[in-house]
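Chains as they are written, first to last, in the UniProt record's numbering: chain A, 1 to 310; chain B, 1 to 367. Every residue gets a Cβ at the ideal spot worked out from N, C-alpha and C, and that includes glycine. No experiment lies behind these values; they were computed from the predicted model shown. Note sheet for the following structure.
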Amino acid sequence: MLEVEGLKKKFKTNVAVNEVNLYLDKGESVGLLGPNGAGKSTTISMISTLIKPTAGKVRYQGKNILKDPNSIRPILGVVPQEIALYELLSAYENVKFFGKIYGLKGKQLEQKIDQVLELVGLQDRKKDLVKTYSGGMKRRINIAVALLHEPEILIMDEPTVGIDPQSRSYILDMVRKLNQEKGMTVLYTSHYMEEVERLCDRVYIMDHGQIIASGTKEELKSILSSEETVLIEVDQTSSAMLDALNELTAIQQVTEAPKGYKLIVSKGANVLADVFSLAETMDIKITSAHVEVPTLEDVFLHLTGRKLRD
Amino acid sequence: MWAVFELQWVRLKRNPFLVLSFLGLTFVFVFLLAGSQADQKMTVHTFTDQLSEPQMAEWLDLLNDSDTLTFQQSDREDVVDLIEAGRISFGLHVDEEQFHYLVGHQSHYQIAVDQHVQRVFQETLRIRQVAEQTGITDIQGRVEEALEQPLMSIDVDALKGDASQADAERFHVVIGMTLYFAIYTILITISSIIIQKRDGTWNRLILSPVKKTKIYLGHLFYCFLIGFLQIVVSFALFHYLLGYDFGDQFGAIVLVLIVYVFSIVALGMFLMGLIQSPQQLDAVNPIVATGMAMLGGAFWPIDLISNQMMIALSRVMPIFHGMEGLKGAILFDQGITELLQPLSILLLMGVLFMGIGINLMERDTKI
Ligand SMILES: Nc1ncnc2c1ncn2[C@@H]1O[C@H](COP(=O)(O)OP(=O)(O)OP(=O)(O)O)[C@@H](O)[C@H]1O
Ligand SMILES: [Mg+2]
Numbered sequence: 001m002l003e004v005e006g007l008k009k010k011f012k013t014n015v016a017v018n019e020v021n022l023y024l025d026k027g028e029s030v031g032l033l034g035p036n037g038a039g040k041s042t043t044i045s046m047i048s049t050l051i052k053p054t055a056g057k058v059r060y061q062g063k064n065i066l067k068d069p070n071s072i073r074p075i076l077g078v079v080p081q082e083i084a085l086y087e088l089l090s091a092y093e094n095v096k097f098f099g100k101i102y103g104l105k106g107k108q109l110e111q112k113i114d115q116v117l118e119l120v121g122l123q124d125r126k127k128d129l130v131k132t133y134s135g136g137m138k139r140r141i142n143i144a145v146a147l148l149h150e151p152e153i154l155i156m157d158e159p160t161v162g163i164d165p166q167s168r169s170y171i172l173d174m175v176r177k178l179n180q181e182k183g184m185t186v187l188y189t190s191h192y193m194e195e196v197e198r199l200c201d202r203v204y205i206m207d208h209g210q211i212i213a214s215g216t217k218e219e220l221k222s223i224l225s226s227e228e229t230v231l232i233e234v235d236q237t238s239s240a241m242l243d244a245l246n247e248l249t250a251i252q253q254v255t256e257a258p259k260g261y262k263l264i265v266s267k268g269a270n271v272l273a274d275v276f277s278l279a280e281t282m283d284i285k286i287t288s289a290h291v292e293v294p295t296l297e298d299v300f301l302h303l304t305g306r307k308l309r310d
Numbered sequence: 001m002w003a004v005f006e007l008q009w010v011r012l013k014r015n016p017f018l019v020l021s022f023l024g025l026t027f028v029f030v031f032l033l034a035g036s037q038a039d040q041k042m043t044v045h046t047f048t049d050q051l052s053e054p055q056m057a058e059w060l061d062l063l064n065d066s067d068t069l070t071f072q073q074s075d076r077e078d079v080v081d082l083i084e085a086g087r088i089s090f091g092l093h094v095d096e097e098q099f100h101y102l103v104g105h106q107s108h109y110q111i112a113v114d115q116h117v118q119r120v121f122q123e124t125l126r127i128r129q130v131a132e133q134t135g136i137t138d139i140q141g142r143v144e145e146a147l148e149q150p151l152m153s154i155d156v157d158a159l160k161g162d163a164s165q166a167d168a169e170r171f172h173v174v175i176g177m178t179l180y181f182a183i184y185t186i187l188i189t190i191s192s193i194i195i196q197k198r199d200g201t202w203n204r205l206i207l208s209p210v211k212k213t214k215i216y217l218g219h220l221f222y223c224f225l226i227g228f229l230q231i232v233v234s235f236a237l238f239h240y241l242l243g244y245d246f247g248d249q250f251g252a253i254v255l256v257l258i259v260y261v262f263s264i265v266a267l268g269m270f271l272m273g274l275i276q277s278p279q280q281l282d283a284v285n286p287i288v289a290t291g292m293a294m295l296g297g298a299f300w301p302i303d304l305i306s307n308q309m310m311i312a313l314s315r316v317m318p319i320f321h322g323m324e325g326l327k328g329a330i331l332f333d334q335g336i337t338e339l340l341q342p343l344s345i346l347l348l349m350g351v352l353f354m355g356i357g358i359n360l361m362e363r364d365t366k367i
């Protein structure tokens, strides 16, 4: 439905987005994952026709939207990273105004306002001025405003930044419902791994303006399929044990972990037996051992050598 | 467009303080400036030793025929007290066919007063002399009668009609201050565009099906109306509360205001195009408003300035032409046809600023 091809944005000398390719199919929920400054917001702004790309194309249903922005604008719902609301107006007035400029009127408008306020759970505070809201409430109204005209594609730029876990969970559930029950196509930007894992079918991982990996969650994790992480806990740690573990050929890397060790091993190699017998000879008791399933965080770490959030 | 327009009023209603305060400031400044000028009508304490009440009243009546001086009857003792207390520098002593001063210390006012008093005395005494010689008692009345129905009259029109100097000064302050504070209000109102661009609400407007031109129009029309209303309300208050007479050229006044406000709104767009960050606004607004008002002659008449460059500079300030237009309509009773020059200059400036301004604003985001 939406294709992005060779998208590039240069700010003076700084290349914020470089040769980005991505696509959205109808009804999909797609994550765009990357650390601060990766170029996520810039990419999204170009897709939603707010800034002009230095190079590249964005096509909606085969048509280049850069030539005709109005072909895509009405079906887009954009939730900006920064709260974009009129602080001196109430939630109700904000939603109503943005509904009006989307051409909604009268009864239909009132109905829609009721629906979205219900959806974001702010019916009871709707008459209060936005400036009196908490961060989480502002975030929710920020989303509500983008939903009023029932967009086909919902683009969300880090909609949960800086809010409490409850509000966050509420928002995630809401987006999931919109995607699964209403069939809304979602492009979800975040640097929270857990959110993207919970919400999205497919993921693009972005760093330094480039897409460094993409695919379904499973596909991405299989990047790590040649290795596994094994966590063991022991009753007492010792440097002799650490050295001995390093000696084992099946183990590629050993690091100290709380109350034990973290082992990176080749997939399929049965190291546990070796580790247990080693412990026995050194008179150390292994209190727990488990094989970790890789997360997208691990994938990112693997690809860039950096953590997603520092 | 109307939704955008309406929104601005709701926002104003929530935070009317700024706009109202500029209206308030207009008044404060006019009171301070115009008020102090009105007070410059100087009081001369006048007393007599020999004259009877009616005789003295006659003299005072004659002396008080002045725009700048008031002669007030006092007693000799009171005048002496006031002089000794340093409250006044001199008093006027009038007697039959002569006058002199009781002087505490020299004052340059005394020269002006003396000129006036001498003239009045000479005229009056001459008329009395003629009356005595001819036996006609009512010389004064006859002379006046004759002047009212002259055999031959010479009209001496001042170059610019019939406004008195005092009127011109009073109105200069009122018009100047009103137009000056209107610039403030308009610039601050229009800067809401920049603020919305920063806080992201502008992007929301752009993403909506409303055309960009209509979004701008909604905002600009609102700014226009705010500026226009501020001027109209302040003129109305000056008229109804302080009795300023704005003359009969109502249509011309309104038309000058319309093009003036339009040119300032356009200038605002131009400035918003130049600055891109809202932080710069706080500095730019007062500098531009005050600078323009000074150079454009809102604070003092530009006729007082002889520097050619300053004069040339004043001509590119919309406020100068706004003042010319309004003074023409209010003081010199000029109609629309006579005001075509300031009107068309303001319109031209408006169109130019608006064109350049919109292009500057959109230079980054053209899509
Ligand atoms: N208007 C701009 N002018 C100049 N540079 C910009 C502009 N907008 C973004 N950049 C730069 O482009 C790069 C990418 O920024 P972007 O906001 O797209 O990152 P992001 O992935 O959204 O980060 P975050 O998670 O912090 O929101 C950054 O280096 C940023 O400094
Ligand atoms: Mg961002």
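Partner residues on chain C for A/Gly103, Cβ-Cβ distance less than 7 Å: Going by chain labels, chain C is absent from the structure shown, which instead holds the protein chains A and B.
From A/Asn14, A/Thr42, A/Gln81, residue whose alpha carbon lies closest to that of A/Val20: In the first sequence, residue 20 of chain A corresponds to position 20, counting from 1. It is A/Thr42 whose Cα lies nearest to the Cα of A/Val20.
Report buried or exposed for B/Ala57, applying the criterion of at least 16 other Cβ atoms within 10 angstroms of its Cβ. For the purposes of this step, residue 57 of chain B is identified with residue 57 of the second sequence, where counting begins at 1. The residue in question, B/Ala57, is exposed, as its Cβ has fewer than 16 Cβ neighbours within 10 Å.
How would you list, in chain order, the residues of chain A whose beta-carbon sits under 7 Å from the beta-carbon of B/Ala3? Residue numbering aside, residue 3 of chain B sits at position 3 when the second sequence is read from its first letter. Correct list: Phe97, Lys100, Ile101.
Between B/Ile231 and the rest of its own chain, which residues show a CB-CB distance below 6 Å, the 5 nearest in sequence each way excluded? In the second sequence, counting from the first residue as 1, residue 231 of chain B sits at position 231. Hits under 6 Å: Thr178, Ala182, Leu257.
Quick check on B/Thr134: does DSSP put it in helix, strand or coil? Sequence index remark: in the second sequence, residue 134 of chain B carries index 134 (1-based). Reduced to three states, the DSSP call for B/Thr134 is helix.
Three-state secondary structure (DSSP) at A/Leu231? Within the first sequence, residue 231 of chain A is the residue found at index 231, counting from 1. Residue state, collapsed to three classes: strand.
Decide if B/His105 is buried, meaning its Cβ has at least 16 other Cβ atoms within 10 Å, or exposed. Position 105 of the second sequence, counted from the start, is the residue given in the question as residue 105 of chain B. So B/His105 ends up on the exposed side.
If we cut at 8 Å on Cβ distances, does B/Asp199 have a partner in chain A? In the second sequence, the residue the question calls residue 199 of chain B occupies position 199. Yes, B/Asp199 lies at the interface with chain A (some Cβ there is under 8 Å from its Cβ).
With DSSP run on the structure shown, which of helix, strand or coil describes A/Tyr23? What you label residue 23 of chain A is simply residue 23 of the first sequence in a count that begins at 1. When DSSP states are grouped into helix, strand and coil, A/Tyr23 belongs to the strand group.
The stretch 345 to 355 of chain B contacting the stretch 260 to 268 of chain B, beta-carbon criterion three pairs below 8 Å: With three or more CB-CB distances shorter than 8 Å, the stretch 345 to 355 of chain B counts as touching the stretch 260 to 268 of chain B.
Could you please tell me which residues of the stretch 47 to 60 of chain A, in chain order, have their CB closer than 8 Å to any CB of chain B? If the cut-off is 8 Å between Cβ atoms, the stretch 47 to 60 of chain A has Ser48, Thr49, Leu50, Ile51, Lys52 near chain B.
Ligand 1 heavy atom lying under 7 Å from the CB of A/Ser238: Position 238 of the first sequence, counted from the first residue, corresponds to residue 238 of chain A. No; taking the cut-off as 7 Å, the Cβ of A/Ser238 has no heavy atom of ligand 1 nearer than that.
Using 8 Å for Cβ pairs, my map puts A/Ser214 next to A/Tyr204. What's the rounded Cβ distance? Start at 1 with the first residue of the first sequence, and residue 214 of chain A comes out as number 214. Start at 1 with the first residue of the first sequence, and residue 204 of chain A comes out as number 204. Contact flag correct, Cβ pair sits at about 5 Å.
Tell me, please, which residues DSSP counts as bridged to B/Tyr101. As a first step, residue 101 of chain B is located in the second sequence; it is residue number 101 there, counting from the start. B/Tyr101 pairs with B/Leu92.
Closer than 7 Å by beta-carbon distance: list the chain B residues that pair up with A/Glu150, in chain order. As a working note, residue 150 of chain A is residue 150 in the first sequence. The premise fails here: A/Glu150 is roughly 14 Å from chain B at the closest Cβ pair, so nothing lies under 7 Å.
What would DSSP say about A/Arg59, mapped onto helix, strand or coil? Sequence index remark: in the first sequence, residue 59 of chain A carries index 59 (1-based). The three-state secondary structure of A/Arg59, taken from DSSP, is strand.
Taking Cβ positions only, does B/Ile190 come closer than 8 Å to chain A? In the second sequence, the residue the question calls residue 190 of chain B occupies position 190. So, not an interface residue.
For A/Asp128, which residues of its own chain have a beta-carbon under 8 Å away from its beta-carbon, when the five flanking residues on both sides are left out? Within the first sequence, residue 128 of chain A is the residue found at index 128, counting from 1. Cβ contact annotation for A/Asp128 (same chain, cutoff 8 Å, sequence separation greater than five): Ser90, Ala91, in chain order.
Let me know if A/Ser45 comes out buried or exposed under the rule of 16 or more other beta-carbons within 10 Å of its beta-carbon. Counting from 1 along the first sequence, the entry for residue 45 of chain A is found at position 45. A/Ser45 is buried by the Cβ-count criterion.
Confirm, please, whether the CB-CB distance from A/Leu172 to A/Arg198 is below 8 Å. On the first sequence, position 198 is the one that residue 198 of chain A refers to. On the first sequence, position 172 is the one that residue 172 of chain A refers to. Judged by beta-carbon spacing, A/Leu172 lies within the 8 Å limit of A/Arg198, meaning their Cβ atoms are closer than that value.
Closer than 8 Å to chain B by CB, A/Glu82: Residue 82 of chain A sits at position 82 when you count from the first residue of the first sequence. Taking a beta-carbon distance threshold of 8 Å, A/Glu82 counts as an interface residue toward chain B.
Residues around ligand 1, please: the ones whose beta-carbon is closer than 5 Å to some heavy atom of it, in chain order. With the criterion CB distance below 5 Å from any heavy atom of ligand 1, the matching residues run A/Phe11, A/Ala16, A/Asn36, A/Gly37, A/Ala38, A/Gly39, A/Lys40, A/Ser41, A/Thr42 along the chain.
First and last residue of the beta strand (DSSP E) that includes A/Ile101? As a position in the first sequence, residue 101 of chain A is number 101, starting the count at 1. It is not in any beta strand (DSSP E) - A/Ile101 instead sits in the alpha helix (DSSP H) that spans 91 to 101.
Taking three-plus beta-carbon pairs below 8 Å as touching, is the stretch 235 to 248 of chain A in contact with the stretch 273 to 292 of chain A? Yes, the stretch 235 to 248 of chain A is in contact with the stretch 273 to 292 of chain A.
Please determine if the stretch 58 to 72 of chain A and the stretch 188 to 198 of chain B are in contact, where contact requires at least 3 C-beta pairs separated by less than 8 Å. Proximity of the stretch 58 to 72 of chain A to the stretch 188 to 198 of chain B falls short of the contact definition, fewer than three beta-carbon pairs being nearer than 8 Å.
Given 8 Å as the limit, is there contact between the stretch 311 to 325 of chain B and the stretch 190 to 203 of chain B, that is, 3 or more CB pairs closer than that? Because the criterion of three Cβ pairs below 8 Å is not met, the stretch 311 to 325 of chain B and the stretch 190 to 203 of chain B do not touch.
As an exercise, report each continuous beta strand (DSSP E) stretch of at least 3 residues that is fully enclosed by the stretch 277 to 301 of chain B, in chain order. Runs found: none.
Any C-beta of chain A under 8 Å from that of B/Asn359: For the purposes of this step, residue 359 of chain B is identified with residue 359 of the second sequence, where counting begins at 1. B/Asn359 does not count as touching chain A.
Would you call B/Asp61 buried or exposed, if buried means 16 or more other Cβ atoms sit within 10 Å of its Cβ? In the second sequence, counting from the first residue as 1, residue 61 of chain B sits at position 61. Result: exposed.
With 8 Å as the threshold, decide whether the Cβ of B/Gly175 is near any Cβ in chain A. Here residue 175 of chain B corresponds to residue number 175 of the second sequence, with the count starting at 1. Before going on, a small fix: residue 175 of chain B reads as Ile here, not Gly. Judged by the 8 Å Cβ criterion, B/Ile175 is not in contact with chain A.
Taking Cβ-Cβ distances shorter than 7 Å, what residues in chain B pair up with A/Pro74? Against the first sequence, residue 74 of chain A aligns to sequence position 74. By Cβ distance, chain B contributes Pro209.
Where A/Tyr60 and A/Glu3 are concerned, what is the direct C-alpha to C-alpha distance, given to the nearest angstrom? Walking along the first sequence from the start, residue 60 of chain A turns up at place 60. Walking along the first sequence from the start, residue 3 of chain A turns up at place 3. Distance between the alpha carbons of A/Tyr60 and A/Glu3: 7 Å.
Could you list which residues in chain A have their beta carbon closer than 9 Å to that of B/Asn15, in chain order? Along the second sequence, one-based indexing puts residue 15 of chain B at 15. Neighbourhood of B/Asn15 in chain A, by CB distance below 9 Å: Leu88, in chain order.
According to DSSP, which residues form a beta bridge with A/Asp207? Position 207 of the first sequence, counted from the start, is the residue given in the question as residue 207 of chain A. Under DSSP, A/Asp207 forms a beta bridge with A/Gln210.
What are the start and end residues of each continuous beta strand (DSSP E) run of 3 or more residues lying completely inside the stretch 262 to 294 of chain A, in chain order? Listed in chain order, they are 286 to 292.
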